[in-house]
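Engineer: Have a look at the structure that comes next, please.
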Amino acid sequence: MRSSHVGSYPLEHSQDNMLRAYLDTVSSGISVPPIPQLKSFTEIYLDPLASSGKLRKVKEDRYEALNLDEPVIDLGEVESFLERSKADPRGLRLPVTGPLTLASKVGGEGFMDSMITNKDAVFSFFVPYVRKIVDWASHRGIGYIFVDEPALGLIVGRKILSYSERELIEIYEEIFSEAKSYTGMHVCGRISPLLSDILMRVPAKYLSHEFHDTRENMKSFSREKLEEYDKIISPGVVSAKNPEVESVEEVSSLLREILERFGPRVDLVSADCGFGGLKGLRNSYDISLRKLKLIAEVSSSLLKSS
């Protein structure tokens, strides 16, 4: 049972800090470290579209559409990180922001005024854009590719957006269709029974969700369903919002409970989410590393005792 991290850190964005976060994560004992995210997880993928003239950046984390024809990807920062770190890409995790979440940042101010309500744009531009990123990462040899899609939890069950279950599943079938890497989905917050059912049918091996701050997610999955659909739960076992570092006893108890419920269908243990939300708090980076070290130690300890 290995440990991992969702992706973000409370550091200012720079190539030096990306390398620093990676090396510190490895030193913390994390088995599958991410390529660090030090900017907003939507800006990382929308800013290049603004640079290429597809979007115009209106303000921080908000864009308007200019020319949504053929999407062009720019992963120069990821390539630069791979070259500087000399890391084996097969042991890395790349967080890729999902098309629904990206679309929700383009257009009007509110969620319902954004391009997430424009299914034509989602399917003709944002889905192909994310697929190109996933395909590039897979061809580059990155071992684990996780699509981060918090907007999915806001869409499922809201008939006003008119996305059918089949349409939602087709989004990720398209995105992962050529991926040779291990694939995963990360969705924040509460996972409803309907959302759980949809995730079971999405072609991603790993399902990354919060179990520390949202304990009711334990009831959203069963070992039987995970076995039926050949899924692995990647549970969050420490808070990504509360800066207080959990005790070994608390995290061990939660992870044991998860293992009792899901058995061997557990791997890539992490925090509930990334630690970017701690930015601005005193000692936030040190707190993040202490939480990562705790995750690594507890995961390793329970593996040895099992």
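Per UniProt numbering, the sequence shown starts with residue 1, numbered consecutively.
Using N, Cα and C, we set each Cβ at its ideal position, and we do this for glycine too.
Small disclaimer: the values here were computed from a predicted structure and weren't measured.
Mind checking who Glu64 pairs with in its DSSP beta bridge?
Structural biologist: Translated into positions along the sequence shown, residue 64 becomes position 64. Its beta-bridge partners are Arg56.
Engineer: Return the residue from the list Arg20, Arg201, Pro235, Val147 that minimises the CA-CA distance to Arg131.
Structural biologist: By 1-based counting over the sequence shown, the position of residue 131 is 131. Looking at the Cα atoms, Val147 is the closest of the given residues.
Engineer: Take Pro36 and list the residues in its own chain whose beta-carbon comes closer than 6 Å to its own, dropping the five residues that flank it on each side.
Structural biologist: Stepping through the sequence shown from its first residue, residue 36 is reached at position 36. The answer, listed in chain order, is Tyr9, Met18, Ala21, Tyr22.
Engineer: Could you check the C-alpha separation between Leu168 and Leu100 for me, to the nearest Å?
Structural biologist: Residue mapping note: residue 168 aligns to position 168 of the sequence shown, counting from 1. Residue mapping note: residue 100 aligns to position 100 of the sequence shown, counting from 1. Rounded to the nearest angstrom, the two C-alpha atoms are 10 Å apart.
Engineer: Contact defined as beta carbons within less than 8 Å: I believe His5 pairs with Ala271. What is the distance between those atoms, to the nearest angstrom?
Structural biologist: Along the sequence shown, one-based indexing puts residue 5 at 5. Along the sequence shown, one-based indexing puts residue 271 at 271. Right, their Cβ atoms sit about 7 Å apart.
Engineer: Output needed for Lys105: all residues of its chain with C-beta closer than 8 Å, excluding positions within five of it in sequence on either side, in chain order.
Structural biologist: Counting from one through the sequence shown, the residue named residue 105 turns up at place 105. Only Thr42, Leu46, Asp61, Arg62, Tyr63, Ser114 meet the Cβ criterion.
Engineer: Please go through the segment 3-57 and give each complete alpha helix (DSSP H) segment of 4 or more residues, from N-terminal end onward.
Structural biologist: The segment 3-57 contains these whole alpha helix (DSSP H) runs: 15-27, 43-51.
Engineer: Could you check the C-alpha separation between Leu226 and Arg256 for me, to the nearest Å?
Structural biologist: Here residue 226 corresponds to residue number 226 of the sequence shown, with the count starting at 1. Here residue 256 corresponds to residue number 256 of the sequence shown, with the count starting at 1. Their Cα atoms are separated by approximately 18 Å.
Engineer: Sort Tyr144, Ser40, Thr117 by Cα distance to Leu152 and report the nearest one.
Structural biologist: Here residue 152 refers to the residue found at position 152 of the sequence shown. Of the candidates Tyr144, Ser40, Thr117, the one whose C-alpha sits nearest the C-alpha of Leu152 is Thr117.
Engineer: When the Cα atoms are used, what is the spatial distance from Arg261 to Asp16?
Structural biologist: Along the sequence shown, read from residue 1 onward, the residue named residue 261 stands at position 261. Along the sequence shown, read from residue 1 onward, the residue named residue 16 stands at position 16. Those two C-alpha atoms are separated by around 41 Å.
Engineer: What residues are listed by DSSP as bridge partners for Arg93?
Structural biologist: For the purposes of this step, residue 93 is identified with residue 93 of the sequence shown, where counting begins at 1. Arg93 is bridged to Pro34, Tyr144.
Engineer: Exposed or buried, Ser27, counting other C-beta atoms within 10 Å across all chains shown (16 or more means buried)?
Structural biologist: Mapped onto the sequence shown, residue 27 falls at position 27. Under this definition Ser27 is an exposed residue.
Engineer: Pick helix, strand or coil for Thr183, following the three-state DSSP scheme.
Structural biologist: Within the sequence shown, numbered from 1, the residue matching residue 183 stands at position 183. Thr183: strand per DSSP, three-state reduction.
Engineer: Since I believe Val32 is in contact with Tyr172 (beta carbons under 8 Å), could you give me their beta-carbon distance rounded to a whole number of angstroms?
Structural biologist: Here residue 172 is taken as the residue at index 172 of the sequence shown, counted from 1. Here residue 32 is taken as the residue at index 32 of the sequence shown, counted from 1. No, Tyr172 and Val32 are not in contact; Cβ-Cβ is about 21 Å, not under 8 Å.
Engineer: Give the DSSP bridge partners of Leu207, in chain order.
Structural biologist: Numbered from its first residue, the sequence shown carries residue 207 at position 207. In the DSSP output, where bridge partners are listed per residue, Leu207 has Met185, Ile233.
Engineer: Does the beta-carbon distance from Leu195 to Ser220 come in below 9 Å?
Structural biologist: Residue 195 sits at position 195 when you count from the first residue of the sequence shown. Residue 220 sits at position 220 when you count from the first residue of the sequence shown. Yes, they are a contact pair.
Engineer: Assign Val251 to one of three DSSP states: helix, strand, or coil.
Structural biologist: Position 251 of the sequence shown, counted from the start, is the residue given in the question as residue 251. Here Val251 carries a helix assignment [DSSP, helix/strand/coil].
Engineer: Tell me, please, which residues DSSP counts as bridged to Ser270.
Structural biologist: The count along the sequence shown starts at 1 and reaches residue 270 at position 270. Answer by DSSP bridge pairing, in chain order: Gly236.
Engineer: Roughly how many whole angstroms lie between the Cα atoms of Gly157 and Ser208?
Structural biologist: The residue given as residue 157 occupies position 157 in the sequence shown. The residue given as residue 208 occupies position 208 in the sequence shown. Taking the straight line from one Cα to the other gives about 20 Å.
Engineer: Could you pull the DSSP bridge partners for Glu153 from this structure?
Structural biologist: Stepping through the sequence shown from its first residue, residue 153 is reached at position 153. The amino acid at residue 153 is misidentified as Glu; the sequence shows Gly. Answer is none; Gly153 lacks a bridge partner.
Engineer: What's the gap between the Cα of Met273 and the Cα of Val187?
Structural biologist: Here residue 273 corresponds to residue number 273 of the sequence shown, with the count starting at 1. Here residue 187 corresponds to residue number 187 of the sequence shown, with the count starting at 1. Checking the sequence shown, residue 273 turns out to be Cys, not Met. If you draw a straight line from the Cα of Cys273 to the Cα of Val187, it is about 9 Å long.
Engineer: From the DSSP output, read off the bridge partner residues of Ser114.
Structural biologist: Taking the first residue of the sequence shown as 1, we reach residue 114 at position 114. Note: Ser114 sits in a beta bridge opposite Gly107.
Engineer: Determine the direct distance from the alpha carbon of Glu165 to that of Ile198, and round the result to whole angstroms.
Structural biologist: Position 198 of the sequence shown, counting from 1, holds the residue named residue 198. Position 165 of the sequence shown, counting from 1, holds the residue named residue 165. The alpha-carbon atoms of Ile198 and Glu165 are separated by roughly 7 Å.
Engineer: Can the beta-carbon of Ile30 be found less than 9 Å from the beta-carbon of Leu292?
Structural biologist: For the purposes of this step, residue 30 is taken as residue 30 along the sequence shown, with counting starting at 1. For the purposes of this step, residue 292 is taken as residue 292 along the sequence shown, with counting starting at 1. Going by C-beta atoms, Ile30 is nearer than 9 Å to Leu292.
Engineer: Let me know the secondary structure DSSP gives Asp120 once reduced to three states.
Structural biologist: Position 120 of the sequence shown, counting from 1, holds the residue named residue 120. DSSP, reduced to helix, strand and coil, places Asp120 within a helical segment of the structure shown.
Engineer: Does Leu82 come out as helix, strand or coil in the three-state DSSP assignment?
Structural biologist: Within the sequence shown, residue 82 is the residue found at index 82, counting from 1. The answer is helix: DSSP assigns Leu82 an H, G or I state.
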